[in-house]
Structure formats: C-alpha cells, structure tokens
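Residues 3 to 577 in our numbering are what the sequence shown spells out, letter by letter. Note that the Cβ used here is the ideal one computed from N, Cα and C, for glycine as well. Quantities reported herein were computed from a predicted structural model and do not represent experimental measurements.
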Amino acid sequence: MKFFPYSCRVDWTRENLPPTPLATPEPMAAKEKGYTSSTNKIVLFKHCKHLHTGNTTRTGSFRYIRKRPRPPLFHIISTAPIVRLLSRRSRPVPCAAAAMGSSDSQAPLLLPRGSHRKEEEEEYAAAGKVRGCCGGDGEGGWWREATAEAGRLASLAAPMIAVALLQLMMQLISTVMVGHLGEVALAGAAIANSLTNVSGFSVLMGLACGLETICGQAYGAKQYHKLALYMYRSIIVLLVVSVPIAIIWVFIPEVLPLIGQQPEIASEAGKYALWLIPGLFAFTVAQCLSKFLQTQSLIFPMVLSSSITLALFIPLCWFMVYKVGMGNAGAALSVSICDWVEVTVLGLYIVLSPSCEKTRAPLTWEAFSGIGSFLRLAVPSALMICVRVSNELGAGNPEAVLVSVTLLALRHFIGIAFSNEEEVINYVTRMVPVLSVSVITDSLQGVLSGVSRGCGWQHLGAYVNLGAFYLVGVPVALFFGFAMHLGGMGFWMGMVAGGATQVTLLSIITAMTNWGKMAEKARDRVFEERIPTQKAYIIFVLNKEQSILENKHLIAAQTSSRVVTIRFGKNIKSI
3 MKFFPYSCRV DWTRENLPPT PLATPEPMAA KEKGYTSSTN KIVLFKHCKH
53 LHTGNTTRTG SFRYIRKRPR PPLFHIISTA PIVRLLSRRS RPVPCAAAAM
103 GSSDSQAPLL LPRGSHRKEE EEEYAAAGKV RGCCGGDGEG GWWREATAEA
153 GRLASLAAPM IAVALLQLMM QLISTVMVGH LGEVALAGAA IANSLTNVSG
203 FSVLMGLACG LETICGQAYG AKQYHKLALY MYRSIIVLLV VSVPIAIIWV
253 FIPEVLPLIG QQPEIASEAG KYALWLIPGL FAFTVAQCLS KFLQTQSLIF
303 PMVLSSSITL ALFIPLCWFM VYKVGMGNAG AALSVSICDW VEVTVLGLYI
353 VLSPSCEKTR APLTWEAFSG IGSFLRLAVP SALMICVRVS NELGAGNPEA
403 VLVSVTLLAL RHFIGIAFSN EEEVINYVTR MVPVLSVSVI TDSLQGVLSG
453 VSRGCGWQHL GAYVNLGAFY LVGVPVALFF GFAMHLGGMG FWMGMVAGGA
503 TQVTLLSIIT AMTNWGKMAE KARDRVFEER IPTQKAYIIF VLNKEQSILE
553 NKHLIAAQTS SRVVTIRFGK NIKSI
C-alpha cells in the first residue's frame with residue numbers, strides 16, 4: 003500500500019491549553035513536496051524527521067485532510083480524543099509498531115532495526131566488556147551464542163521429532179497389518195497411500211505451511227490477537243480445498259485401470275482411499291491447529307494428542323482389519339477415526355489451556371478476509387511439499403546418520419514386518435541402501451526448507467524443488483530405471499540426485515540471504531494487514547533525539563519515557 007502524505011489538524015478542547023504545534027516538519031521540505039504546514043498541523047511524509055511535544059498530555063479532536071482536492075469520500079473525520087498516554091516506563095520500549103486494535107499499555111510492538119544499539123554499547127562499555135564478532139561478550143562470544151541457540155532448537159526439535167515419529171507409526175502399523183492380508187491388499191494400500199499423499203495430504207500440509215510463516219512472525223512480533231484469526235482463515239481455506247480432493251479420491255478405482263493398473267489392485271486402492279475421506283477433513287483441521295500451537299512453541303499438546311491417537315489406533319486397527327473383516331478398508335477407517343480424536347484433543351487444549359489465553363479468540367467474519375494474502379504464501383508452500391513427496395522417514399531429523407545406519411543394519415528384517423512374501427522381503431533388502439542415502443538428503447532439505455518457510459520465500463523453494471526434481475531427479479531416474487535396467491532402485495537414485503541438487507541450491511540461497519531485509523519484510527508482513535472492524539492507530543514514540551520512524555502506515559520510534567497514540571475513527575487502509 004502506498005503511503006500518501008496527509009495533514010492532521012488538531013483542535014484542542016481542554017481549558018488552559020493554548021493551541022500548540024504537535025509537530026513541525028521542515029518547512030522547505032514541505033514546500034518542495036507541494037504541501038503546506040502551519041502551527042497546528044502535522045504533515046506526514048517521508049521527509050518529516052522531527053516530532054516536538056511538550057510535557058503536558060493534551061486531549062483533543064482531529065480530522066484528516068488530504069491537501070490535494072479529493073471528494074468527501076476520501077476524508078476521515080473523527081471527534082474522538084487523539085492523544086493518549088499508553089505507558090510510562092523507565093527503560094526503553096522495545097518496539098516500533100503498534101498492536102492493531104489494542105489500546106493496552108502493554109501492547110507489544112516490533113523492535114525497530116538498531117533501536118537498542120547505542121544503549122547496548124553503553125551497557126557493554128560500563129561493564130568493561132568487548133562485543134564478540136557475532137554479538138557475544140568478548141572472545142568466543144559467538145560460540146556461546148551458537149551453542150545456546152542450538153540448545154534451544156534441540157529442546158524444541160526433540161518433541162517435534164517425537165510427534166513426527168508417532169504420526170508416522172500410524173501409517174506404518176496400518177501398512178504392516180494390511181500387508182499380512184496378501185500381496186493384493188498390500189499393493190492396494192500402498193498405491194492408495196501414495197496417491198492420497200500426493201493429491202491430498204501433501205497439498206494440505208503445504209498450504210498449512212503458509213500459516214506457519216505468518217503465525218510464527220506474528221507471534222515473534224507479539225501480535226498475539228492475530229494468531230487465532232490466521233488459524234480460522236487457514237481452516238476455512240483448507241476445508242474448501244479438501245472438497246475437490248475428496249471428489250478425486252472417489253474416482254480412484256476408475257482412474258487406476260486407465261493408467262495400466264490391475265483391476266483388483268485398483269479396487270483395493272479405491273476402497274482404502276474412500277474410507278480415508280472422513281480423515282481428510284480431520285487432517286485439514288489438525289494441521290492448522292498444530293501450526294497454531296507449534297508457532298507458540300507449545301509442543302506438549304501435540305505429543306499428547308499423537309500419543310493418545312497411536313495408543314487408540316493399534317487395537318482399533320487390529321479389530322477393524324481382522325475381527326470385523328473389513329480388510330484394508332478397516333485400516334483406513336481406523337486412521338480416519340483417530341484423526342478426529344487428534345483434532346478433539348488439540349481443540350480442547352486450545353480452548354481450555356491457559357497457555358493459549360493470549361492467542362485464543364472466537365471465530366468472526368473477519369476470518370473470511372485477507373484470504374488472498376494467505377494464499378500468496380500457502381500456494382508456493384504446497385508446491386514445495388508436493389514436488390518433494392517420496393519417503394519422509396527421517397526428514398528434518400538431526401540424527402539422519404543414525405537412521406541410515408539403523409536401516410542398513412535391519413535391512414534383512416524390515417521386509418518381514420510388512421509381508422510374509424519372499425519376493426517383497428528380498429525387494430526391501432535391495433532397496434534399503436539407497437533409501438539410507440535418501441534419508442541424509444531428506445534431513446538436510448528438511449532444515450533448509452524450514453528456513454525458507456520461516457523467511458516467507460516459499461516461491462523460491464518451489465522453484466528450487468521444481469528444478470531439482472523435474473530437471474535433474476526425473477531424468478536421472480529414467481536413465482537408471484530404464485536405460486540401466488535398475489528398476490525401482492534406479493528411480494530412487496533419481497530421487498537422491500534431485501534431493502542433493504535441492505540441498506545445494508537451498509544452501510546457496512540461504513548463504514546469500516540478507517537477514518536484515520528478511521527481518522524488515524517479516525515486520526511489514528505482520529503489520530500490513532488491517533482488520534476492517536478494528537480502529538486504526540499511528541504510534542509516535544519519543545526518544546532523546548525526538549526522531550520518528552516510518553513503516554508504511556505506521557510511524558514509530560524508540561522511547562525512554564512514554565508512548566503517545568493517535569487513534570483514528572476509521573481504517574486508514576480504506577482511504
């Protein structure tokens with residue numbers, strides 16, 4: 003949104019307070035820009051450098067006037083008080099933009115770039131310390147910061163690894179139980195799992211990654227009230243997307259024979275996919291709830307829900323498959339039931355837990371606005387995930403080497419767990435070495451893809467994935483699979499080549515990233531959206547130099563004493 007210059011006329015109403023200029027911009031700069039200023043007007047434009055105010059808190063009414071002639075529709079008129087003292091603090095307020103729609107004195111704001119640099123240097127000088135090259139104290143400070151950050155990441159990653167393993171166990175257990183029904187049932191379940199992952203679950207998982215970006219950045223900016231809004235919006239979008247996906251799954255038995263699949267295997271795959279449809283909608287909601295909690299570092303409810311779900315799934319799947327006699331359809335139905343159990347547990351935690359008190363909010367019509375901005379992040383994220391859907395075992399796991407070694411050591415026994423057929427067991431034994439290499443590339447790309455999602459450049463990740471797997475991975479797979487007659491192993495070699503290319507390109511992009519600009523873009527993304535029913539705010543924060551900082555429609559700076567707010571009666575973005 004372009005920031006247009008405006009003039010704010012202040013009419014003071016309190017007694018014994020003569021009209022005082024709230025701000026006096028540089029006259030020559032104002033004149034050169036074609037705008038006029040007077041003693042009781044403030045002109046807001048990029049070259050307005052100084053903000054002057056007395057020690058007295060004044061209250062009055064104001065109106066916004068566009069200096070160039072415009073129809074009355076473009077005017078903002080309000081009789082509300084405009085100057086209000088939000089907070090008094092002895093220490094500087096670590097912020098530079100206001101929490102939209104909140105007049106709380108503790109409303110968290112984003113830290114402006116370099117706002118504490120001078121104060122920090124003074125503190126270090128007073129303590130007799132020397133800053134390290136990366137912000138640490140003295141020699142080796144960067145190493146202490148790096149190890150401390152690694153510890154924080156490990157504490158967050160460990161429960162996430164547990165969650166991923168618990169969720170993966172459901173698919174593994176269902177495949178194991180179906181595999182002992184025979185080759186046809188195992189083949190049908192395997193094909194159905196592949197098709198539903200590529201056409202459905204990966205799409206929804208990728209779309210939910212857009213929520214991971216905006217919720218994570220909003221929570222980092224302490225804009226807690228926006229997290230629930232983003233979550234509701236993502237649930238609405240993903241539920242709408244789930245409808246055509248469910249329709250596609252209904253026709254899987256008719257589509258598979260057209261591409262050369264055996265009719266009996268297509269029938270088994272169709273039954274499995276059909277009973278997964280109820281779980282598709284549960285998976286949609288669960289993904290959004292999980293991202294909502296994950297961005298707040300609330301991992302325990304995810305571990306709890308996954309543990310409860312897995313504990314219920316094992317006996318339920320055994321009962322449906324063998325006792326009820328539903329076959330692979332019973333395994334799919336068990337997955338759907340347990341997905342809804344997971345949604346119930348996560349929903350109850352969000353509603354009842356005091357940990358979500360700051361971010362919890364009721365569903366309103368505002369959730370239906372701003373869908374376009376969400377899709378701009380969500381669609382590239384979905385493309386990133388969908389292009390790279392092979393074997394997710396070990397993806398993002400820092401112990402990838404351990405996983406690879408374990409697979410190699412157990413390659414003669416893994417196949418026995420899935421089937422009694424000797425052909426299947428021998429095939430698994432041959433494939434595990436290549437799969438072990440894939441685990442390592444998966445782990446690296448999981449970390450780098452997480453960086454891309456956190457920064458919000460999913461579009462670059464999507465381009466990298468498309469190029470790596472379609473321009474490198476697929477040709478290599480075709481060469482080894484058909485020209486070298488390696489079959490499935492050759493196809494996996496192509497996936498490994500694509501993964502290695504992906505890791506290389508993402509590493510180059512990450513190394514060349516300007517993190518200062520990334521921080522500015524994150525701040526803009528958090529504050530650019532204006533909710534229609536909220537009041538608009540502009541924050542003036544005073545410091546010793548009386549300077550202000552412009553950030554689109556927000557104007558703010560550092561303060562050592564107080565925060566002054568000008569409140570508008572309408573949304574400034576509606577102009």
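- Proximity to A363 across M233, Y221, M486 peaks at M233, based on C-alpha coordinates.
- For C319, the uninterrupted alpha helix (DSSP H) segment begins and ends at 302 to 320.
- For H182, the secondary structure class from DSSP, reduced to helix, strand or coil, is coil.
- The stretch 155 to 173 makes contact with the stretch 303 to 323, as at least three CB pairs between them are under 8 Å.
- DSSP, read as helix, strand or coil, puts Q173 in helix.
- Classified as exposed, F484 has fewer than 16 neighbouring CB atoms from the shown chains inside 10 Å of its CB.
- The stretch 185 to 199 makes contact with the stretch 262 to 279: 3 or more CB pairs, one atom from each, lie closer than 8 Å.
- Taking T297 as the centre and dropping the five residues before and after it, the same chain places the C-beta of C217, G218, Y221 closer than 6 Å to its C-beta, in chain order.
- At a Cβ-Cβ threshold of 8 Å, A230 and T346 do not count as neighbours.
- Taking C-alpha positions only, V200 is separated from S309 by approximately 26 Å.
- Measuring C-alpha to C-alpha distances from V242 to each of L209, V453, L291 identifies L209 as the nearest.
- Secondary structure at Q504: helix, using DSSP grouped into helix, strand and coil.
- Annotation: K325 is outside any alpha helix (DSSP H) and is labelled neither H nor E by DSSP.
- If you compare the alpha carbons of V439, L480, H461 with that of G501, the shortest gap goes to V439.
- In its chain, beyond the 5 residues on either side, G492 have a beta carbon closer than 7 Å to the beta carbon of M486.
- S338 sits in a helix when the DSSP states are folded into three classes.
- For T149, the three-state secondary structure derived from DSSP is helix.
- Counting along the chain, the unbroken alpha helix (DSSP H) around G222 starts and ends at 204 to 222.
- Taking C-beta atoms under 8 Å as the contact rule, L508 and S445 fail to qualify, at a distance of about 13 Å.
- Straight through space, the alpha carbons of K293 and I510 are spaced by roughly 27 Å.
- In the structure shown, R362 falls within a coil segment according to DSSP collapsed to helix, strand and coil.
- Rounded to the nearest angstrom, the gap between the Cα atoms of L276 and V441 is 31 Å.
- From the listed residues L488, G329, L170, the smallest Cα separation to E185 is found for G329.
- A Cβ-Cβ contact shorter than 8 Å links T443 with V498.
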